[in-house]
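Numbering (our numbering), first residue to last: 2 to 513. Quick notes on the structure that follows.
Here it is as structure tokens:
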């Protein structure tokens with residue numbers, strides 16, 4: 002086993018590729034010089050349609066060194082979606098892995114044709130890498146242009162906060178741009194994040210989720226600046242995850258609940274073959290975690306399991322340790338570092354403890370203000386923002402989430418919260434993944450429907466078996482009218498389910 006990737010220099014590893022931090026920073030600073038020479042200055046945007054790879058980090062560092070805003074774009078998106086982000090952000094320089102170059106080209110044409118594409122070849126870290134198109138200069142071409150790295154630019158990092166676009170599960174993605182930060186804010190965020198995430202110089206962290214998402218992106222870039230070894234997974238696979246943890250003695254990893262569920266779908270015998278004792282922080286967020294999954298993860302990883310609730314707009318808001326969660330199963334914790342949570346009803350009135358309403362949040366004391374690019378901010382007039390979640394706060398200040406505002410099913414005038422039903426279905430030993438959503442009903446207005454993905458050992462379990470399992474565990478009106486067994490759910494890599502797609506698929510099936 003490797004206690005460290007090298008005896009001295011920290012490294013970044015992705016698949017079979019390995020590069021020292023020194024090399025990464027040198028390449029990034031030379032790329033920064035080329036970006037600056039191309040005319041991109043402070044406050045401008047640099048698009049990135051890149052998969053999880055070492056080059057993702059290099060381009061991010063290079064854009065920041067120029068004082069530009071890196072704009073990571075979900076590489077699953079196609080021409081229309083990419084065009085929206087490029088047009089909305091104003092990015093006129095785009096770095097794209099070879100398979101995504103055609104979509105980027107088409108997107109640029111659709112918004113007027115302006116812009117420069119830099120092609121990034123996909124190497125052996127990825128399955129079936131596409132051939133280089135040859136239509137554009139490559140990343141290495143740009144890096145080789147610079148005879149000298151870009152000199153240090155005072156205040157560049159403060160000007161260069163990444164512009165992350167929200168996932169767009171309920172509408173068009175919105176770009177979140179944070180205000181220029183003071184040196185004190187930068188240091189406070191770095192110190193607070195490192196302490197809570199367990200990052201340390203000489204340690205090893207792993208990126209299991211997509212780097213275009215806020216928290217994996219921020220953690221990896223912070224680890225690069227701290228001298229922490231970084232293992233980047235090109236794509237998540239449960240056996241690969243365990244292999245890498247054991248091989249590199251990984252200490253910290255950020256996951257989403259779907260990853261935990263898929264890890265738990267491996268048999269106990271398979272899981273026992275891997276040494277995961279090095280893990281000190283298995284941190285999850287981004288989507289609600291069914292209590293049955295969370296409890297099983299704690300049984301396996303122990304106190305390493307830590308959860309936070311946050312958002313791109315306001316950063317991390319609440320935290321909860323494994324011990325706290327076992328005493329309050331289902332909670333996502335209490336606000337930290339001056340962050341605030343307030344529950345309001347539809348009229349704006351503050352709700353009483355344990356009363357469900359809209360979750361409004363404000364970031365930690367050191368978190369910068371933000372605005373949506375080209376979109377009015379929806380705040381409460383007091384720096385609080387509502388990002389679509391519903392929930393309640395108990396008498397001790399712990400936050401509990403019950404779902405999303407757009408997902409509430411109103412059946413016969415009664416509010417039904419899908420998260421409650423999903424949590425109960427997830428307790429079934431044969432269920433790996435579940436989503437509950439509302440569909441139209443002539444009599445009741447809406448009715449709940451569930452789609453479930455089965456664990457490998459549960460093949461043969463039917464939707465009626467699941468409905469029978471729910472008998473007596475939920476009020477009858479909450480039991481889904483239909484439970485359909487499916488191969489997979491349309492989830493973002495970040496864990497969020499595209500429930501609008503499920504509704505559309507259901508409606509289409511009904512019509513036909």
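Glycine included, every Cβ here is placed at the ideal spot set by N, Cα and C.
> Does the beta-carbon of residue 474 have 16 or more other beta-carbons within 10 angstroms, so that it is buried, or is it exposed?
Replying inline: What you label residue 474 is simply residue 473 of the chain shown in a count that begins at 1. Exposed is the call here.
> Helix, strand or coil: which one does DSSP assign to residue 207?
Replying inline: Within the chain shown, residue 207 is the residue found at index 206, counting from 1. Correct three-state label for residue 207: strand.
> Per DSSP, what kind of secondary structure is residue 97 in: helix, strand or coil?
Replying inline: Mapped onto the chain shown, residue 97 falls at position 96. Residue 97 falls in the strand class under three-state DSSP.
> Can you tell me where the beta strand (DSSP E) with residue 15 in it begins and where it stops?
Replying inline: In the chain shown, residue 15 corresponds to position 14, counting from 1. 12-15 is the span of the beta strand (DSSP E), which, as asked, contains residue 15.
> Going by other Cβ atoms of all chains shown within 10 Å of its Cβ, with 16 needed for buried, is residue 424 buried or exposed?
Replying inline: What you label residue 424 is simply residue 423 of the chain shown in a count that begins at 1. Here residue 424 is buried: its Cβ has 16 or more other Cβ atoms, across all protein chains shown, within 10 Å.
>> Given a cut-off of 8 Å on the beta-carbon distance, is the pair residue 257 and residue 287 in contact?
In response: Here residue 257 corresponds to residue number 256 of the chain shown, with the count starting at 1. Here residue 287 corresponds to residue number 286 of the chain shown, with the count starting at 1. Remark: C-beta atoms of residue 257 and residue 287 approach each other more closely than 8 Å.
> How would you label residue 351, buried or exposed, when you count the other beta carbons within 10 angstroms and need 16 or more for buried?
Replying inline: Mapped onto the chain shown, residue 351 falls at position 350. Per the 10 Å Cβ criterion, exposed.
> Under the three-state reduction of DSSP, which class applies to residue 464: helix, strand or coil?
Replying inline: Mapped onto the chain shown, residue 464 falls at position 463. In this structure, DSSP gives residue 464 a helical state, which the three-state scheme calls helix.
> Beta carbon of residue 485, beta carbon of residue 438: below 8 Å?
Replying inline: The sequence position of residue 485 within the chain shown is 484, counting from 1. The sequence position of residue 438 within the chain shown is 437, counting from 1. No.
>> With distance defined between alpha-carbon atoms, name the residue in 62, 11, 95, 179 nearest to residue 373.
In response: Counted from its first residue, the chain shown places residue 373 at position 372. Checking every option, the nearest Cα to that of residue 373 belongs to 179.
> Looking at residue 397 and the ligand ZN, is the gap between the Cβ and the nearest heavy atom below 7 Å?
Replying inline: By its list of ligands, the structure shown contains no ligand whatsoever, and the ligand ZN lies outside what it can speak to.
>> Tell me the DSSP secondary structure of residue 401 in three-state form.
In response: Counting from 1 along the chain shown, the entry for residue 401 is found at position 400. Residue 401 falls in the strand class under three-state DSSP.
> Who does residue 1 pair with in a DSSP beta bridge?
Replying inline: Past the boundaries of the shown model lies residue 1; the chain is included only from 2 to 513, so the question cannot be answered.
> Is the distance from the Cβ of residue 341 to the Cβ of residue 362 below 8 Å?
Replying inline: Stepping through the chain shown from its first residue, residue 341 is reached at position 340. Stepping through the chain shown from its first residue, residue 362 is reached at position 361. Closer than 8 Å, so yes.
>> Determine whether the beta carbon atoms of residue 265 and residue 298 lie at a separation below 8 Å.
In response: Your numbering for residue 265 matches position 264 in the chain shown. Your numbering for residue 298 matches position 297 in the chain shown. Taking C-beta atoms as the reference points, residue 265 and residue 298 count as a pair closer than 8 Å.
> Going by Cα to Cα distance, which pick from 307, 457, 13 is closest to residue 23?
Replying inline: The residue labelled residue 23 in the question sits at position 22 within the chain shown. Of 307, 457, 13, the residue nearest in Cα terms is 13.
>> Relative to the C-alpha of residue 397, which candidate in 115, 325, 255, 206 has its C-alpha closest?
In response: Numbered from its first residue, the chain shown carries residue 397 at position 396. If you compare the alpha carbons of 115, 325, 255, 206 with that of residue 397, the shortest gap goes to 325.
> Tell me, which residues are paired with residue 20 by DSSP?
Replying inline: Mapped onto the chain shown, residue 20 falls at position 19. DSSP, once it has assigned bridges, lists 13 as partnering residue 20.
> Rounded to whole angstroms, how far is the Cβ of residue 139 from the Cβ of residue 122, which I believe are closer than 8 Å?
Replying inline: By one-based count along the chain shown, residue 139 stands at place 138. By one-based count along the chain shown, residue 122 stands at place 121. Under the criterion of beta carbons closer than 8 Å, residue 139 and residue 122 qualify as touching, at roughly 6 Å.
> Whole-angstrom Cβ separation of residue 267 and residue 239, contact assumed at under 8 Å?
Replying inline: In the chain shown, counting from the first residue as 1, residue 267 sits at position 266. In the chain shown, counting from the first residue as 1, residue 239 sits at position 238. Contact annotation, residue 267 with residue 239: C-beta distance approximately 6 Å; criterion of less than 8 Å satisfied.
>> Does residue 115 pass the burial test, meaning 16 or more other C-beta atoms within 10 Å, or should it be called exposed?
In response: Position 114 of the chain shown, counting from 1, holds the residue named residue 115. Around the beta-carbon of residue 115, fewer than 16 other beta-carbon atoms lie within 10 Å, marking it exposed.
> Are the stretch 413-432 and the stretch 221-228 touching by the rule of at least three beta carbon pairs closer than 8 Å?
Replying inline: In short, these stretches do not touch, since the Cβ pair count stays below three.
>> Suppose the cutoff is 8 Å on Cβ atoms and the five residues either side in sequence are ignored; what does the same chain contact list for residue 478 look like?
In response: Taking the chain shown and counting its residues from 1, one reaches residue 478 at position 477. Here the set comprises 412, 413, 415, 417.
>> As an exercise, report each continuous alpha helix (DSSP H) stretch of at least 4 residues that is fully enclosed by the stretch 300-376, in chain order.
In response: Contiguous alpha helix (DSSP H) elements confined to the stretch 300-376 occur at 323-328, taking only those with 4 or more residues.
>> Tell me the residue span of the alpha helix (DSSP H) that contains residue 239.
In response: Here residue 239 corresponds to residue number 238 of the chain shown, with the count starting at 1. Looking at the DSSP string, the run of the alpha helix (DSSP H) that includes residue 239 is 239-249.
> If you run the structure through DSSP and keep just helix, strand and coil, what is residue 474?
Replying inline: Translated into the one-based positions of the chain shown, residue 474 becomes position 473. Of the three classes helix, strand and coil, the one that applies to residue 474 here is coil, per DSSP.
>> With three or more beta-carbon pairs closer than 8 Å as the criterion, would you say the stretch 480-500 touches the stretch 448-460?
In response: With a cut-off of 8 Å on Cβ pairs, the stretch 480-500 is in contact with the stretch 448-460, counting three or more such pairs.
> Could you give the residue range of the alpha helix (DSSP H) that holds residue 193?
Replying inline: Numbered from its first residue, the chain shown carries residue 193 at position 192. Its alpha helix (DSSP H) spans residues 184-198.
> DSSP on residue 516, reduced to helix/strand/coil?
Replying inline: The question about residue 516 has no answer, for the chain in this structure spans 2 to 513.
> In three-state DSSP terms, what is residue 52?
Replying inline: By 1-based counting over the chain shown, the position of residue 52 is 51. Coil, per DSSP.
> Could you give the distance in angstroms between the alpha-carbon of residue 200 and the alpha-carbon of residue 206?
Replying inline: Along the chain shown, read from residue 1 onward, the residue named residue 200 stands at position 199. Along the chain shown, read from residue 1 onward, the residue named residue 206 stands at position 205. So the two alpha carbons sit approximately 7 Å from each other.
>> Using a Cβ-Cβ cutoff of less than 7 Å, which residues in the same chain neighbour residue 294 once the five nearest sequence positions on both sides are dropped?
In response: Stepping through the chain shown from its first residue, residue 294 is reached at position 293. 258, 261, 262, 265, 427.
> What residue from 46, 60, 282 has the CA that sits closest to residue 195's CA?
Replying inline: For this step, residue 195 is matched to residue 194 along the chain shown. Looking only at 46, 60, 282, the smallest Cα-Cα distance to residue 195 is reached by 282.
>> Does residue 262 come out as helix, strand or coil in the three-state DSSP assignment?
In response: As a position in the chain shown, residue 262 is number 261, starting the count at 1. Helix, per DSSP.
> Roughly how many angstroms lie between the CA atoms of residue 501 and residue 86, to the nearest whole one?
Replying inline: Here residue 501 corresponds to residue number 500 of the chain shown, with the count starting at 1. Here residue 86 corresponds to residue number 85 of the chain shown, with the count starting at 1. Rounded to whole angstroms, residue 501 to residue 86 spans 20 Å at the Cα level.
> Grouping DSSP H, G and I as helix and E and B as strand, with all else coil, what is residue 487?
Replying inline: Position 486 of the chain shown holds residue 487. The answer is coil: DSSP assigns residue 487 none of H, G, I, E or B.
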